[in-house]
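Structure record follows, encoded as structure tokens.
There are 2 protein chains.
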Amino acid sequence: MQTNQMKKYSLNEDVINYYMKLAIEQSKIATDKLEVAVGCVMVKFTNNNQDHEIVAQSHNKTNQYGNATLHCEINCINEILDKYGQNYDEQQIFKQITLFVTCEPCIMCAYSLSLMGIKEVYFGCYNEKFGGNGTILDLNTANYGANTYPSYGGFLEEECKQVLKQFYEKGNLNLDEDKRHRRKKKEDKDESVSS
Amino acid sequence: MQTNQMKKYSLNEDVINYYMKLAIEQSKIATDKLEVAVGCVMVKFTNNNQDHEIVAQSHNKTNQYGNATLHCEINCINEILDKYGQNYDEQQIFKQITLFVTCEPCIMCAYSLSLMGIKEVYFGCYNEKFGGNGTILDLNTANYGANTYPSYGGFLEEECKQVLKQFYEKGNLNLDEDKRHRRKKKEDKDESVSS
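Just so you know, the protein sequences line up as chains B and H, in that order.
First residue of the first sequence: 91, per the numbering used here; consecutive thereafter.
First residue of the second sequence: 91, per the numbering used here; consecutive thereafter.
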């Protein structure tokens with residue numbers, strides 16, 4: 091199994107899991123801040139993947155800014171563009187960047203990543219509700235007028251789900267009381283993301 | 091025909107066309123700035139649609155900021171949230187806001203509008219390449235974990251297309267020379283949006 095996976099990915103699993111753990115750290119920061127528990131890290135790989143450096147990391151900030159679009163992937167895109175400035179051709183940097191995210195990108199993020207021309211995506215748990223990298227829509231491969239990119243799921247899946255589950259067990263305190271514990275009412279069988 | 095449409099829409103066509111013309115003005119500003127020629131206006135409707143005021147208007151700014159996600163709809167969302175501040179519950183304002191945009195929202199924008207809980211969308215020409223309000227995907231009605239909203243197309247369609255066509259005839263000067271005139275090579279039969 092591992093051998094097959096090793097052939098498929100451009101990175102080895104030690105590297106993938108290292109960065110996925112950093113993404114999980116971000117998801118835990120989100121939980122502490124009462125944000126939906128999803129985190130990510132964007133890493134620039136160069137020199138045939140021998141060199142890598144973190145260029146951005148973030149967690150969901152929708153509640154902090156009252157802006158439902160501020161998912162962790164969007165925050166990282168904005169951070170990178172702020173860092174490299176408006177005259178930098180974003181295609182040049184994003185095609186070297188790999189995303190590690192604890193949950194499959196949603197439809198908005200999946201298409202944003204396509205527009206930016208991201209190199210590759212590794213994610214933890216699958217997003218059964220609005221996953222845009224294969225679960226609900228396949229925006230990373232469908233080539234709807236933008237770039238395509240490889241995307242692989244299931245890395246440290248249980249750990250990623252666990253953080254989300256803990257978040258939803260407390261309830262999303264930013265939702266109305268009647269909506270707060272809807273996951274538990276659904277017999278807690280679905281840990282997909284909800285904002 | 092008009093009678094049927096009148097029944098379908100919550101606004102009368104004079105109001106729709108008035109704001110669509112303002113959106114077209116924005117698309118022309120985009121052209122002047124060598125941005126993809128799409129513009130929009132967000133209008134807050136209250137008092138059973140008797141009162142309306144512009145809360146944001148914008149055009150595509152992807153080249154200005156080197157950020158492929160800065161479509162006019164995203165710019166307006168950000169402008170409104172900046173104006174109302176981080177403590178404002180965005181659901182309260184966006185459910186009163188109607189979008190008028192010269193071209194059907196793309197997949198990213200369509201889902202962003204869904205996340206924000208926008209009230210309604212009126213657009214000019216259809217986006218045959220990556221339209222998210224019915225042409226390629228139906229993100230406004232599919233209820234992929236977020237809100238649904240009504241969306242109607244074809245308002246001042248020819249005028250909206252004409253502005254885009256003029257933009258593409260000059261060529262998107264921000265693209266490489268070999269990609270610049272691809273629409274003309276395709277016999278100019280398709281005026282759908284490309285970034």
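Just so you know, even glycine gets a beta-carbon here, dropped at the ideal spot from N, CA and C.
Taking its Cβ as the centre, do 16 or more other Cβ atoms sit within 10 Å of B:GLU248, making it buried, or is it exposed?
Numbered from 1 along the first sequence, position 158 holds the residue referred to as residue 248 of chain B. With fewer than 16 other Cβ atoms within 10 Å, it is exposed.
For the beta strand (DSSP E) holding B:THR136, just list the boundary residues, first then last.
One-based indexing of the first sequence puts residue 136 of chain B at position 46. Looking at the DSSP string, the run of the beta strand (DSSP E) that includes B:THR136 is 129–136.
Taking Cβ positions only, does H:ALA127 come closer than 8 Å to chain B?
Taking the second sequence and counting its residues from 1, one reaches residue 127 of chain H at position 37. Chain B contact via Cβ: absent.
Give a yes or no on whether the minimum CB-CB distance between H:MET132 and chain B is below 8 Å.
Counting from one through the second sequence, the residue named residue 132 of chain H turns up at place 42. It does not; no Cβ of chain B falls within 8 Å.
For H:CYS166 and H:VAL128, which I take to be in contact (beta-carbon distance under 8 Å), what is that distance rounded to the nearest angstrom?
Numbered from its first residue, the second sequence carries residue 166 of chain H at position 76. Numbered from its first residue, the second sequence carries residue 128 of chain H at position 38. Not confirmed; about 12 Å, so no contact.
Chain H beta carbons: is any one of them nearer than 8 Å to that of B:THR231?
Locating residue 231 of chain B in the first sequence gives position 141, where the first residue counts as 1. Closer than 8 Å: no.
What does a CB cutoff of less than 6 Å around H:ILE106 pick up in its chain, not counting 5 residues either side in sequence?
In the second sequence, residue 106 of chain H corresponds to position 16, counting from 1. For H:ILE106, same chain residues with a beta-carbon under 6 Å away, outside a window of 5 residues either side, are TYR212 and PHE245 in chain order.
Is B:THR231 helix, strand or coil when you go by DSSP?
By 1-based counting over the first sequence, the position of residue 231 of chain B is 141. The answer is coil: DSSP assigns B:THR231 none of H, G, I, E or B.
Quick check: is the beta carbon of B:THR159 nearer than 8 Å to any beta carbon in chain H?
Translated into the one-based positions of the first sequence, residue 159 of chain B becomes position 69. For B:THR159, a Cβ of chain H is located within less than 8 Å of the residue's own Cβ.
If we define contact as Cβ-Cβ less than 8 Å, is H:ALA236 a contact residue for chain B?
Along the second sequence, read from residue 1 onward, the residue named residue 236 of chain H stands at position 146. Yes, H:ALA236 counts as interfacial toward chain B.
For H:ILE144, list the residues DSSP reports as bridge partners.
Counted from its first residue, the second sequence places residue 144 of chain H at position 54. BP columns for H:ILE144 point to H:VAL133.
Identify, in the order they occur along the chain, each residue of the same chain with its Cβ nearer than 8 Å to the Cβ of H:GLU143, setting aside the five sequence neighbours on each side.
Here the question's residue 143 of chain H lines up with position 53 in the second sequence. Taken in chain order, the residues that qualify are VAL133 and LYS134.
Give, in chain order, every residue of the region 198–210 of chain B whose Cβ lies closer than 7 Å to some Cβ of chain H.
Under the 7 Å Cβ criterion, the region 198–210 of chain B contributes MET198, TYR201, SER202, LEU205 and MET206.
For B:ALA146, I'd like the list of residues in its chain whose CB is within less than 6 Å of its CB, leaving aside the five on either flank, ordered along the chain.
Numbered from its first residue, the first sequence carries residue 146 of chain B at position 56. Taken in chain order, the residues that qualify are MET132, CYS166, GLU169 and ILE170.
Where does the unbroken alpha helix (DSSP H) through H:THR152 begin, and where does it stop?
In the second sequence, the residue the question calls residue 152 of chain H occupies position 62. Segment 152–155, the alpha helix (DSSP H) holding H:THR152.
Any contact between the region 112–123 of chain H and the region 180–193 of chain H? By contact I mean 3 or more CB pairs, one from each, below 8 Å.
The way I'd put it, the region 112–123 of chain H does touch the region 180–193 of chain H; three or more beta-carbon pairs between them come closer than 8 Å.
Would you verify that the beta carbon of B:GLY243 is, or is not, closer than 8 Å to some beta carbon of chain H?
Here residue 243 of chain B refers to the residue found at position 153 of the first sequence. Not closer than 8 Å to any Cβ of chain H, the Cβ of B:GLY243 fails to qualify, so no.
Show which residues of chain B have a CB atom less than 8 Å away from the CB atom of H:LYS219.
Start at 1 with the first residue of the second sequence, and residue 219 of chain H comes out as number 129. Simply TYR234 and GLY235.
Give the straight-line distance between the Cα atoms of H:GLN182 and H:TYR155, rounded to the nearest whole angstrom.
Along the second sequence, one-based indexing puts residue 182 of chain H at 92. Along the second sequence, one-based indexing puts residue 155 of chain H at 65. Computed Cα separation, rounded: 29 Å.
Taking the C-alpha atoms as reference points, what is the distance between H:ASP141 and B:TYR258?
Counting from one through the second sequence, the residue named residue 141 of chain H turns up at place 51. Counting from one through the first sequence, the residue named residue 258 of chain B turns up at place 168. About 40 Å.
Let me know if B:TYR109 comes out buried or exposed under the rule of 16 or more other beta-carbons within 10 Å of its beta-carbon.
Here residue 109 of chain B refers to the residue found at position 19 when the first sequence is read from its first residue. Classification of B:TYR109: buried, given that the 10 Å Cβ count is 16 or more.
Just the C-alpha distance for B:HIS271 and B:PRO240, rounded to the nearest angstrom, thanks.
Indexing the first sequence from 1 puts residue 271 of chain B at position 181. Indexing the first sequence from 1 puts residue 240 of chain B at position 150. Per-residue confidence for B:HIS271 stands at a pLDDT of 48, beneath the threshold of 50, marking its modelled position as unreliable; the derived number appears in the next sentence. Each residue's Cα considered, the two are about 35 Å apart.
Would you list the one or two residues that DSSP bridges to B:SER241?
Along the first sequence, read from residue 1 onward, the residue named residue 241 of chain B stands at position 151. Note: B:SER241 is bridge-paired with B:VAL211 in the DSSP secondary-structure output.
For H:GLY156, would you say it is in contact with chain B, using Cβ-to-Cβ distances shorter than 8 Å as the test?
To locate residue 156 of chain H, count along the second sequence from 1; it is residue 66. Yes - at least one Cβ of chain B is within 8 Å of the one on H:GLY156.
In chain order, what residues of the same chain lie with their CB nearer than 7 Å to the CB of H:HIS149, ignoring the 5 residues before and after it?
Here residue 149 of chain H refers to the residue found at position 59 of the second sequence. Only GLN116, SER117, ILE119, ALA120, GLU125, VAL128, GLY129 and CYS162 meet the Cβ criterion.
Do B:ALA200 and B:ASN157 have their C-beta atoms within less than 8 Å of each other?
Reading the first sequence from its first residue, position 110 is the one you call residue 200 of chain B. Reading the first sequence from its first residue, position 67 is the one you call residue 157 of chain B. Cβ distance not < 8 Å, so B:ALA200 and B:ASN157 don't count as in contact.
In this structure, what does DSSP give as the bridge partners for B:GLY222?
Position 132 of the first sequence, counted from the first residue, corresponds to residue 222 of chain B. In the DSSP assignment, B:GLY222 forms no beta bridge with any residue.
Provide the residue span of the beta strand (DSSP E) that contains B:CYS193, from first to last.
Here residue 193 of chain B corresponds to residue number 103 of the first sequence, with the count starting at 1. From DSSP, the beta strand (DSSP E) with B:CYS193 extends over 187–193.
So which residues of chain B does H:LEU171 contact, with C-beta pairs closer than 8 Å?
Here residue 171 of chain H is taken as the residue at index 81 of the second sequence, counted from 1. What H:LEU171 touches in chain B: TYR155, GLY156 and ASN157.
If we cut at 8 Å on Cβ distances, does B:ILE187 have a partner in chain H?
Counting from one through the first sequence, the residue named residue 187 of chain B turns up at place 97. Not an interface residue.
Can you give the beta carbon distance from B:LEU101 to B:ASN139, rounded, assuming they're within the 8 Å contact cut?
What you label residue 101 of chain B is simply residue 11 of the first sequence in a count that begins at 1. What you label residue 139 of chain B is simply residue 49 of the first sequence in a count that begins at 1. That pair is a contact at about 6 Å.
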